[in-house]
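Asks: Here's a structure for you.
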Amino acid sequence: MRRRWVFTLAALALPAQAAEPAMLRAQAMLEGDTLHLSDIFENAGAQAQTVIAAAPMPGRRMVLETQNLVNIARRYGVAWRPLTGTDRIVIERPGRPVPRQDIEAMLREELSRQGIDPEMEIELPGLTPPMIPASAWFQIAIEGVSVEQPGARFQATLVILADGAGAQRLRIAGRAVPTVPVVVATRRMALGEVVGRTDARLVRMRAERVRPGHAQLLEQVVGQELRRPMAGEQGYALVDLGPPSIVQKNALVTLLLESPGISLTAQGRALEAAARGGTVPVMNLVSRNIVEGVAIAPGRVRVAMGTIPMAAR
C-alpha cells in the first residue's frame with residue numbers, strides 16, 4: 028500500500044518538473060502600439076499574449092529594471108526569477124520622422140490660398156518633425172492657418188494620422204521668404220569658356236541673398252563667354268558674360284584695310300580678345316605700329332582707312 032502512494036505522488040509531481048522556466052529577452056522591438064507579456068519573456072505561459080502596457084512612441088524606448096520585471100512576473104504568474112540584481116530589458120519601437128518636405132509642401136499649398144506666393148521658401152525654426160511607426164501609412168493635414176503681414180509670418184496646426192500611432196497635433200509657426208530665379212553654374216569654369224546647355228541650371232534662391240544683376244533666364248547665359256572664372260553652384264552675373272570672342276589675345280590675325288578700289292592686308296598680333304563687332308588693338312608685325320580695328324570674323328580685323336597708328340606698347 029505504501030509503495031502505491033509514493034508512486035502516485037511522484038506521478039503528480041511530473042508536470043511541475045517538466046514545465047520550462049521563463050527566460051528574459053535581451054531586447055524587445057515592437058511594431059505595434061502595445062506591449063505583450065511575450066515581448067518580455069520567452070515561455071511566458073498561458074498569459075503570454077496579455078497586453079500589459081502601451082508601447083513607447085515611435086522612435087522612442089523604455090527600460091524595465093529588475094524590480095519592474097519581478098513585479099510583472101508575480102502579477103501574471105510567470106515562472107521567472109532574476110539571475111542578478113542588474114537584469115533589465117530595453118524595449119524599442121522603430122520610427123521615422125514625417126518628411127520635412129511633405130510638411131513644407133502642404134504648408135505652401137495652404138499659404139497660397141492665403142495669398143502667399145507658392146514659390147516662397149518656407150522657414151520653420153525649431154521644428155522637429157513628429158515620429159511615426161517605421162512602416163506605417165500616414166497622412167498629414169494643415170488646420171487653422173493664420174498669416175501676419177507684413178513679413179508673411181504664419182501659424183498653423185499640423186495634424187498627422189498614422190497607422191498604429193493615432194492622431195498627433197502640433198502647433199507650428201514660421202515665415203514665408205520671397206525667392207527669385209537665378210541661373211547657376213553646374214561646374215567650375217575657366218575664364219574665356221563659352222557656357223553650354225549643360226553648364227547652367229535654373230534654381231530659386233532667397234531674394235535677400237541675390238545681388239542685382241544676376242542672370243534669371245537660361246537664354247541670358249547659354250552661348251555667352253565668361254569674363255571671369257566661375258565656381259560650381261555660383262550664380263552668373265550679367266556683367267561677367269559677353270559674346271564669344273572671335274579674336275583671341277596674342278593670336279595672329281589678318282589686318283584688312285578696304286576702301287573703294289583698294290584692298291590691303293597685313294599680318295598682325297591681337298593684343299586683346301574681341302567678340303564680333305568689338306574693337307581690338309592689333310600690332311602690325313611689319314611696322315610694329317599698333318592700330319585699332321574691328322573684329323569681323325575669326326582671325327580677321329578690319330582697319331579703317333586713315334587710322335592713326337597708336338603708340339607702341
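Numbering (this note's numbering), first residue to last: 28 to 340.
Beta carbons are placed, not taken as given, at the ideal position from N, Cα and C, and that holds for glycine.
Owing to the predicted nature of the structure, the values given are computational and were not obtained by experimental measurement.
To which residues of the same chain is glutamate 220 closer than 6 angstroms at the C-beta, ignoring the five residues directly before and after it?
Replies: Working through the sequence shown from its first residue, we reach residue 220 at position 193. The answer, listed in chain order, is Leu253.
Asks: Considering only DSSP beta bridges, list what threonine 292 is partnered with.
Replies: If you number the sequence shown from 1, residue 292 lands on position 265. Partner(s): Leu283.
Asks: So, is aspartate 226 buried or exposed, given that buried needs 16 or more other C-beta atoms within 10 angstroms?
Replies: As a position in the sequence shown, residue 226 is number 199, starting the count at 1. Buried, by the Cβ-count rule.
Asks: Going by DSSP in three states, glycine 235 sits in which element: helix, strand or coil?
Replies: Here residue 235 refers to the residue found at position 208 of the sequence shown. Here residue 235 is glutamate; the residue named in the question, glycine, does not match the sequence. Glutamate 235: helix per DSSP, three-state reduction.
Asks: Short of 8 angstroms in beta carbon distance, which residues of its chain neighbour methionine 346, apart from the five on each side in sequence? Order them along the chain.
Replies: Residue coverage of the chain in this structure runs from 28 to 340, which leaves residue 346 outside it and unanswerable.
Asks: Going along the chain, which residues of its own chain have a beta-carbon closer than 7 angstroms to the beta-carbon of valine 186, five neighbours each way excluded?
Replies: Against the sequence shown, residue 186 aligns to sequence position 159. Only Ile167, Ala168, Glu170, Ala194, Arg196 meet the Cβ criterion.
Asks: Any contact of the region 236-253 with the region 277-293, i.e. 3+ C-beta pairs under 8 angstroms?
Replies: no
Asks: Excluding the 5 residues preceding and the 5 following arginine 224 in the sequence, name in chain order all residues of the same chain whose CB lies nearer than 7 angstroms to its CB.
Replies: To locate residue 224, count along the sequence shown from 1; it is residue 197. Val249.
Asks: Determine whether the beta carbon atoms of leucine 64 and tryptophan 107 lie at a separation below 8 angstroms.
Replies: To locate residue 64, count along the sequence shown from 1; it is residue 37. To locate residue 107, count along the sequence shown from 1; it is residue 80. In this structure, tryptophan 107 does not lie closer than 8 angstroms to leucine 64 by Cβ.
Asks: Heavy atom of the ligand SAM less than 7 angstroms from the Cβ of alanine 161, yes or no?
Replies: Looking for the ligand SAM in the displayed structure turns up nothing, as the structure carries no ligands at all.
Asks: Counting C-beta neighbours from all protein chains within 10 Å, is the total for aspartate 144 16 or more, i.e. buried, or is it exposed?
Replies: Position 117 of the sequence shown, counted from the first residue, corresponds to residue 144. Exposed, by the Cβ-count rule.
Asks: Quick one: Cα of alanine 73 to Cα of threonine 184, how far?
Replies: As a working note, residue 73 is residue 46 in the sequence shown. As a working note, residue 184 is residue 157 in the sequence shown. So the two alpha carbons sit approximately 45 angstroms from each other.
Asks: Can you tell which of Ala192, Pro271, Ala189 has the C-alpha that lies nearest to the C-alpha of valine 222?
Replies: In the sequence shown, residue 222 corresponds to position 195, counting from 1. Cα-wise, what sits closest to valine 222 is Pro271.
Asks: Does the beta-carbon distance from glycine 320 to threonine 281 come in below 8 angstroms?
Replies: Translated into positions along the sequence shown, residue 320 becomes position 293. Translated into positions along the sequence shown, residue 281 becomes position 254. No, the pair does not count as a contact, with Cβ atoms beyond the cut-off.
Asks: Can you give me the C-alpha to C-alpha distance between isoleucine 317 and arginine 296, rounded to a whole angstrom?
Replies: Locating residue 317 in the sequence shown gives position 290, counting from the first residue. Locating residue 296 in the sequence shown gives position 269, counting from the first residue. If I take the Cα positions, the gap works out to 9 angstroms.
Asks: Quick one: what's got a C-beta closer than 6 angstroms to arginine 329's C-beta in the same chain, skipping five residues either side?
Replies: Looking up residue 329 in the sequence shown gives position 302. So the list reads Leu283, Gly320, Val321, Ile323, once near-sequence residues are dropped.
Asks: Mind checking alanine 71: buried by the 16 CB within 10 Å criterion, or exposed?
Replies: As a first step, residue 71 is located in the sequence shown; it is residue number 44 there, counting from the start. The residue is buried, with at least 16 neighbouring Cβ atoms inside 10 Å.
Asks: Considering only the alpha carbon of each residue, which of Asp190, Glu235, Gly104, Val313 lies closest to proline 208?
Replies: If you number the sequence shown from 1, residue 208 lands on position 181. Measuring from the Cα of proline 208, the nearest candidate turns out to be Glu235.
Asks: Going straight from the alpha carbon of isoleucine 199 to that of alanine 132, what length do you get?
Replies: Here residue 199 refers to the residue found at position 172 when the sequence shown is read from its first residue. Here residue 132 refers to the residue found at position 105 when the sequence shown is read from its first residue. In this structure, the alpha-carbon of isoleucine 199 lies about 14 angstroms from that of alanine 132.
Asks: In this structure, how does DSSP classify leucine 312 when only helix, strand and coil are distinguished?
Replies: For the purposes of this step, residue 312 is taken as the residue at position 285 of the sequence shown. Coil.
Asks: Using 8 angstroms as the threshold, is the C-beta distance between arginine 87 and arginine 120 below it?
Replies: Residue 87 sits at position 60 when you count from the first residue of the sequence shown. Residue 120 sits at position 93 when you count from the first residue of the sequence shown. Result yes, Cβ atoms of arginine 87 and arginine 120 sit closer than 8 angstroms.
Asks: Would you list the residues sitting across from serine 173 in a DSSP beta bridge?
Replies: Counting from one through the sequence shown, the residue named residue 173 turns up at place 146. Beta-bridge pairing links serine 173 to Gln182.
Asks: Per DSSP, what kind of secondary structure is methionine 341 in: helix, strand or coil?
Replies: In this structure the chain extends from 28 to 340, so residue 341 is not present and cannot be described.
Asks: With 16 other CB atoms within 10 Å as the buried threshold, where does glutamine 128 fall?
Replies: The count along the sequence shown starts at 1 and reaches residue 128 at position 101. Counting Cβ neighbours within 10 Å, glutamine 128 comes out exposed, since fewer than 16 surround it.
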